[in-house]
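Residue numbers (the numbering used here), protein chains in the order written: chain A, 1 to 463; chain B, 1 to 463.
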């Protein structure tokens with residue numbers, strides 16, 4: 001399982017291994033899970049309250065059911081750009097003041113955008129919850145965008161793209177792999193946007209996106225912490241409750257992929273690349289779109305085959321045969337429409353890409369033919385339960401678990417039954433999904449190849 | 001140069017080598033070219049009259065400035081589907097009667113769709129011109145679509161896709177190469193559409209497309225043949241002149257490609273594939289988007305390097321070294337936004353793909369370093385002039401040359417000066433564009449690999 005919560009600064013863009021979809025979030029266990037309350041305001045806002053009375057703090061999040069994959073063609077990056085612009089103020093809050101106010105009260109705040117969601121959060125002392133709810137509700141309806149602020153902020157996102165993507169060969173390759181894996185679906189477009197389209201994003205583009213998607217009936221409020229459902233309901237009614245409904249949006253529908261019939265390869269040579277890196281993505285369903293049980297079995301298949309140092313790939317390639325200095329992977333089940341399987345390896349010096357590929361193919365072939373052992377399965381399942389239990393200790397982790405899952409179409413029941421459903425996966429299930437989804441025709445393989453540096457001196461000599 | 005005019009039956013879908021853009025059309029020469037007249041009707045219809053008095057026949061074409069690349073996301077195939085549905089009749093013409101009426105009068109008709117245009121044409125005796133103009137103008141405004149006819153015709157296009165694409169490994173690979181070459185621009189989507197989207201195309205989708213794009217102010221009428229401009233003007237005014245303007249459309253704008261940074265490879269293994277085939281596409285500008293002179297130089301570069309049996313690639317790979325049983329390629333300059341360079345080779349028995357790739361790389365490298373000879377250039381230019389002169393002999397060829405070019409943003413001046421501009425290309429230009437555009441990072445390489453057939457018997461033995 002890859003960690004989907006990367007970056008801690010404000011305006012965090014979710015840059016994931018492949019930027020494609022967000023990764024596992026919802027592994028609640030009914031018996032041990034928190035005692036969650038759900039209700040809906042009259043204007044359509046979904047509210048989830050997650051009690052946590054260990055300390056007098058509260059995590060407050062608003063999740064909008066819109067992400068980069070909902071952008072209009074040619075306007076890539078607008079979801080993330082608007083996330084930045086949400087800090088530009090309202091009639092009540094001066095530009096740039098939002099976070100300063102939170103910080104002055106000892107809190108922290110952040111925001112992020114993925115392919116499917118855009119979320120804002122603050123973590124504050126419980127007595128400041130009314131204030132942040134007031135402020136967040138205010139900017140849900142009353143954002144003020146000045147042309148000059150928009151232009152300044154656009155420079156910020158362009159610079160963000162330069163530093164995070166263009167300056168990183170592995171990010172560039174990830175982006176290319178995404179663009180190649182998807183032939184039709186917008187998950188192939190990077191969340192941050194293509195540079196040439198970002199450079200043209202306008203105040204009007206941002207306002208169009210804002211007016212269409214930012215409204216209580218397209219949002220989910222999560223409050224986790226030292227509060228009662230009644231407290232939250234009263235506060236929500238006097239803050240978010242005053243915000244008017246937005247347009248009635250149809251269920252999100254994006255162009256789906258045609259059948260994949262041919263494996264693809266992308267080779268990026270770069271002087272800045274550190275080590276030769278091999279990686280592969282397989283397009284598979286997400287939890288939301290997979291037949292019942294397949295997503296759960298894929299989680300465990302990848303756990304056993306590629307995830308972490310106890311995985312088969314790590315043991316075979318790194319520990320035993322020393323073909324690779326590192327190897328791993330995982331399953332990303334969280335997209336509205338698609339998930340992906342991810343595998344990577346860094347071939348050791350003198351080892352060819354083909355040797356590594358063949359060895360990995362052998363591991364997969366073995367699982368397809370012979371499945372996995374009961375012990376491996378049990379260990380994988382236990383590992384998930386452990387992750388879940390640890391996850392319950394994190395207030396913000398719980399808020400994200402519920403928020404992300406609900407915003408991408410899971411029900412609370414889905415979230416809470418997930419650990420039990422993982423426990424129900426059998427050895428036979430794993431063999432079956434390995435045969436069904438580890439399919440080269442729907443894969444794309446990436447090679448990051450270090451290129452010898454051309455120094456200035458060498459160039460000079462040449463001329 | 002690839003021939004872009006494929007298929008002769010009605011409802012011809014333009015399935016090109018890569019389905020990406022249409023291929024060279026406009027090579028007129030001022031001195032020898034036809035004496036073309038242009039005028040515009042009050043309702044915005046552009047009219048071009050091309051005299052040809054050798055026989056009492058007329059070619060009549062209407063070109064709509066809309067193609068598959070203008071489709072809404074998720075509605076792929078609607079441009080081509082509507083082309084089929086245009087034969088479903090109006091209040092005056094019963095469903096399916098259009099072509100029968102033309103045939104009864106000894107004429108023939110056809111239609112086709114590309115990424116950028118949709119066109120309808122008839123070739124009739126001159127006395128029948130008023131009739132076909134009346135009929136074509138009628139269906140520009142008064143198309144009648146019955147739900148049952150739409151559903152029946154949808155089965156026809158689904159079957160067309162099955163027989164032309166799904167049953168042809170090389171077409172399947174072409175489609176995959178297109179989808180991989182383009183990461184953002186809709187040229188990556190096949191003209192005929194993705195099967196899963198075609199299967200959902202509705203009467204309403206067709207009507208939406210029709211109402212938006214089918215109107216005199218988005219169309220070009222070409223009449224070539226035994227007519228005078230005055231004849232055509234009078235007829236046009238009493239037929240098309242009665243059709244009302246449609247919506248004022250903005251200049252077509254599609255999402256453009258991000259910079260390409262990594263070469264891609266697509267490998268299709270198929271039992272039905274005849275021979276191992278290697279091919280490569282490079283994304284380059286079209287005539288419309290290239291800096292002045294680059295498109296012209298690319299035409300000649302590809303003519304010299306890869307086109308036909310006098311090309312360097314053919315001589316080296318097929319004739320001298322016998323590395324390939326066939327080899328060739330060309331330049332497709334006609335897209336509104338992009339063109340592409342195409343190269344292919346069929347490795348001889350026992351020859352590896354790498355040998356072929358290396359040999360082709362050597363040919364390109366040589367041109368990048370040393371250019372081409374004056375003699376090669378001269379021969380390439382002469383060959384174009386010859387094509388042009390022969391092209392002038394074909395009435396329908398002329399109609400297509402003007403229609404396609406005008407519908408994709410060329411001016412008449414562009415068309416008529418093209419041969420002169422090809423003649424102005426220098427050896428230095430060719431060296432320059434070879435260095436600029438034969439860039440692996442913007443290429444995609446396709447391999448069609450015959451897979452040993454699994455016979456029913458073999459399967460039976462295995463079980």
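We put the beta carbon where it would ideally sit given N, CA and C, even for glycine.
Bear in mind the structure is a predicted one, so any value in this text is a computation, not a measurement.
Buried or exposed: where does residue i fall if 16 or more other Cβ atoms within 10 Å of its Cβ makes it buried?
i	result
residue 148 of chain B	exposed
residue 23 of chain A	Note that residue 23 of chain A scores 35 on pLDDT, short of 50, meaning its location in the model is unreliable; the coordinates nonetheless yield the value given after this. So residue 23 of chain A counts as buried.
residue 152 of chain A	exposed
residue 135 of chain A	buried
residue 87 of chain B	buried
residue 128 of chain B	buried
residue 361 of chain B	exposed
Ordered along the chain, which non-local residues of its own chain (more than five positions away) have a Cβ less than 6 Å from that of residue i?
i	result
residue 280 of chain A	343, 443 and 445
residue 102 of chain B	109 and 122
residue 209 of chain B	78 and 82
residue 241 of chain B	41
residue 391 of chain B	397
residue 287 of chain A	295 and 333
Please report how far the alpha carbon of residue i lies from the alpha carbon of residue j, in whole angstroms.
i	j	result
residue 273 of chain A	residue 168 of chain A	8 Å
residue 328 of chain A	residue 159 of chain A	31 Å
residue 346 of chain B	residue 447 of chain B	10 Å
residue 317 of chain B	residue 424 of chain A	59 Å
residue 255 of chain B	residue 114 of chain A	21 Å
residue 25 of chain A	residue 65 of chain B	Annotation note: pLDDT 37 at residue 25 of chain A (below 50); position unreliable, coordinate value reported separately. The alpha-carbon atoms of residue 25 of chain A and residue 65 of chain B are separated by roughly 48 Å.
residue 314 of chain A	residue 440 of chain B	34 Å
residue 418 of chain A	residue 36 of chain A	15 Å
residue 45 of chain B	residue 357 of chain A	59 Å
residue 438 of chain B	residue 298 of chain B	10 Å
residue 232 of chain B	residue 223 of chain B	8 Å
residue 383 of chain B	residue 366 of chain B	23 Å
residue 336 of chain B	residue 276 of chain B	33 Å
residue 132 of chain B	residue 73 of chain A	39 Å
residue 116 of chain A	residue 50 of chain B	54 Å
residue 309 of chain A	residue 301 of chain B	53 Å
residue 371 of chain B	residue 284 of chain A	48 Å
residue 351 of chain B	residue 138 of chain B	58 Å
residue 321 of chain B	residue 120 of chain B	46 Å
residue 170 of chain A	residue 306 of chain A	20 Å
residue 90 of chain B	residue 205 of chain B	18 Å
residue 95 of chain B	residue 412 of chain A	54 Å
Excluding the 5 residues flanking residue i on each side, which residues of the same chain have their C-beta closer than 7 Å to its C-beta?
i	result
residue 188 of chain B	178, 179, 181 and 182
residue 126 of chain A	56, 57, 58, 225, 226 and 227
residue 249 of chain B	218
residue 185 of chain A	254, 255, 256, 257, 337 and 338
In the structure shown, what three-state DSSP assignment does residue i receive?
i	result
residue 76 of chain B	coil
residue 115 of chain B	coil
residue 388 of chain B	helix
residue 444 of chain A	strand
residue 287 of chain A	coil
residue 426 of chain A	coil
residue 413 of chain B	helix
residue 26 of chain B	Interpretation of residue 26 of chain B is limited by its pLDDT of 38, a score under 50 that renders its predicted location unreliable; the figure taken from the coordinates is listed afterwards. Three-state result, residue 26 of chain B: coil.
residue 465 of chain A	Only positions 1 to 463 of chain A appear in the structure, and residue 465 of chain A is not among them; the question remains open.
residue 31 of chain B	The predicted model places residue 31 of chain B with a pLDDT of 48, which falls under 50 and marks its position as unreliable; any figure quoted below should be read in that light. DSSP places residue 31 of chain B in coil when its eight states are reduced to three.
Along chain B, in chain order, which residues have C-beta atoms closer than 7 Å to that of residue i?
i	result
residue 265 of chain A	264 and 265
residue 258 of chain A	194, 195 and 196
What does residue i reach in chain A if we use C-beta pairs closer than 9 Å?
i	result
residue 188 of chain B	183 and 184
residue 67 of chain B	Within 9 Å Cβ-Cβ: nothing; residue 67 of chain B doesn't reach chain A, min ~15 Å.
What does residue i touch in chain A if you count any residue whose Cβ is under 7 Å from its own?
i	result
residue 80 of chain B	None at all; the shortest Cβ gap to chain A is about 16 Å.
residue 179 of chain B	183
What does residue i touch in chain B if you count any residue whose Cβ is under 9 Å from its own?
i	result
residue 172 of chain A	261 and 262
Who are the Cβ neighbours of residue i in its own chain at under 8 Å, not counting the five residues just before and after it?
i	result
residue 52 of chain B	34, 224, 225, 226, 395 and 398
Mind listing the chain B neighbours of residue i? Cutoff is C-beta to C-beta under 8 Å, in chain order.
i	result
residue 115 of chain A	Within chain B, no residue comes near residue 115 of chain A; the closest Cβ sits about 15 Å away, beyond 8 Å.
residue 253 of chain A	74
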